[in-house]
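Beneath this line is the structure, given in C-alpha cells, with notes to follow.
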Amino acid sequence: MKSMNDKKSIVEFLIITFALSIIMYVLYISKGENAAADFIVLLLMWCPGIAALIVRHRYYRREKVLGLNRCKVSFLVYAVVIPIVYLGVSYGLYWIAQSISFSGGLPLSTARAEAVSSQGPLGTFISYAITLIVIILFSAFAAAGEELGWRGFLLPQMTRMWSFRKAVIVSGLIWAVWHMPIMIAGLYNAGTPIWYQLPMFTFEILAFAVIISILRVKSNSVWPAIFIHTSHNYFDQVVFGPRTQGPLKAYLVGETGILTILAVILSAMVVVSMLKNKPEKSPT
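Quick note: the sequence shown uses our numbering, first residue 12, plus one each step.
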C-alpha cells in the first residue's frame, strides 16, 4: 500500500506541478518582459512547492516528507560556497580569455544609479545594502518554492522506489524539461540556438542536480538545497552574468556555457568524493 501511495503521490505531484506551471508559462510568455514578469516568475517557481504541499496534505499528513529539518551548518556553508567556486572559475577563465575585466557594483537602473550617487558614501552604502538584501531574499524565497517540490518531495519519494542514481537522473531530467517552455520562448537563457541551448542546459542541470541531491540526502534536510539554489541563481544571474559581455558569452559561461558546465561537472565529482563516506540517512 505504501509503495502504491508513493507512486500515486509522485504522479499527482507532477500533474499538479505542470498544470499550474502551464498557466504561468502562458502568462509569462504572453506578457513578456515587463513589470509583472518578476511576480509571474515567482509564482512559476512556487508551482512545485505548492504541488508538494497539496500532495503532502493528501498522502502524508502524519509524516515528515518535505525535509524541513535542521542540519549541520557545514552543509549550508558548502551550499553557499560551491556555486561561487564553479561560477567564479568559469567566468574568470572567460574574462581572461576575452580580456574582459569584472565590473563591480550591483546592477541598477540609470535613474536609480543617479539617485544613489547623489546620496554620498553612507547613503550609497545603505542603498546598495538594501538592494542586496532584497535581491537575496527574493532569490531565496523563489528557490524555496522549487526546492520544496523537486528535492523536498520528489527526490525522496523516488528514492523509496529506485536507486539514488536513478532518482537523481529522472528528477533532474524532469527539472530540466520544466524550464524548457520559457527557454523555447526566448525568455530564459537566450543567446544561443535552441538546438544548442536545450541539450547544454540539460547537461548543466543534471550535474547541478547531483550536487543538490547529495547535499539533500546527506544532510537529511531541504535547507542546503534551498541555499545552493539561491547561491547559484544570485551569483550567476546577479553578480557575474550581468557584468559579462561578448559574442560568445552564452556559449561559454552561464547555464548553457561549456566552461560553466565543465566546472559544475568537476564540482559534482568533488562533492561526491568528499561526501560519499558521510553517513547517509533516509531523506524525509
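Built from N, CA and C at the ideal position, the CB exists for glycine as well. Keep in mind it's a predicted model, so treat the numbers as computed, not measured.
Under the three-pair Cβ rule at 8 angstroms, the stretch 194 to 213 counts as touching the stretch 266 to 283. The three-state secondary structure of residue 229, taken from DSSP, is helix. Ranked by how close their Cα comes to the Cα of residue 228, the residues 143, 176 and 29 have 176 in first place.
Counting C-beta pairs closer than 8 angstroms gives three or more between the stretch 90 to 106 and the stretch 245 to 255, which meets the contact rule. Sixteen is the threshold: since fewer than 16 other Cβ atoms of the shown chains lie within 10 Å of the Cβ of residue 148, the residue is exposed. Take residue 205, set aside five residues on each side of it, and the residues of its chain with a beta-carbon closer than 8 angstroms to its own are 194 and 195, in chain order. For residue 110, there is no enclosing alpha helix (DSSP H), as DSSP marks it with neither H nor E.
In the three-state reduction of the DSSP assignment, residue 258 falls in the coil class. The beta-carbon separation of residue 237 and residue 178, rounded to 19 angstroms, does not stay under the 8 angstroms limit for a contact. Residue burial is scored here from C-beta neighbours: residue 256 has fewer than 16 other C-beta atoms within 10 angstroms and is therefore classed as exposed.
The beta-carbon separation of residue 278 and residue 95, rounded to 11 angstroms, does not stay under the 8 angstroms limit for a contact.
A direct Cα-to-Cα measurement between residue 239 and residue 16 gives close to 30 angstroms.
In the three-state reduction of the DSSP assignment, residue 203 falls in the coil class, being assigned neither a helical nor a strand state. For residue 47 and residue 34, the gap between their C-alpha atoms comes out near 15 angstroms.
Taking 8 angstroms as the cut-off, the Cβ atoms of residue 27 and residue 51 do not count as close. Just so you know, the alpha carbons of residue 173 and residue 221 end up roughly 15 angstroms apart.
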